[in-house]
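According to the numbering used here, the stretch in the sequence shown is residues 11 to 93, in order. Backbone N, C-alpha and C define an ideal beta-carbon position, used for all residues, glycine too. Every value quoted in this text rests on a predicted model; they were computed, and no experiment measured them.
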Amino acid sequence: MNNKSNTKNQSFKAPSAPKQCYFSQNNIKHIDYKDVEILKKFLNPHSRLMSGKRTGVSTKNQRKLAVAVKRARFMGLLPFVAR
């Protein structure tokens with residue numbers, strides 16, 4: 011039984027620059043559910059919404075984005091699950 015931590019084997023990444031919010035950067039005030047091309051940028055290959063940490067979207071816009079994606083799915087513009 012070895013109780014040592016695995017810190018020697020782990021490689022540490024250098025901190026990267028924080029990502030900027032896509033919507034603030036492009037001066038988009040309203041996130042529209044009909045704009046499917048923009049919404050697809052924030053979905054992973056399985057059609058799940060990526061986290062704001064990964065995409066750089068602000069918390070406020072992440073909530074608006076989630077609502078827009080849900081509306082687009084309900085209207086049939088985006089798939090619920092990609093195969």
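Every unbroken stretch of the alpha helix (DSSP H) spanning 4 or more residues and falling wholly within the stretch 13-58 is given here in chain order: 32-35 and 46-50.
Distance from the CA atom of D42 to the CA atom of P28, rounded to whole angstroms, is 25 Å. Here the alpha carbon of V67 sits roughly 11 Å from the alpha carbon of A76. Assigned with DSSP and collapsed to three states, G62 falls in helix. Under the 10 Å beta carbon count, G62 is surrounded by 16 or more other beta carbons and is classified as buried. Between L88 and K44, the beta carbon gap of about 11 Å keeps them out of contact (Cβ cut-off 8 Å). Ranking Q30, H56, M85 and P55 by CA distance to the CA of Q72 puts Q30 first. Burial check for F52: the Cβ neighbour count within 10 Å reaches 16 or more, so the residue is buried. For L75, the enclosing alpha helix (DSSP H) starts and ends at T69 to M85.
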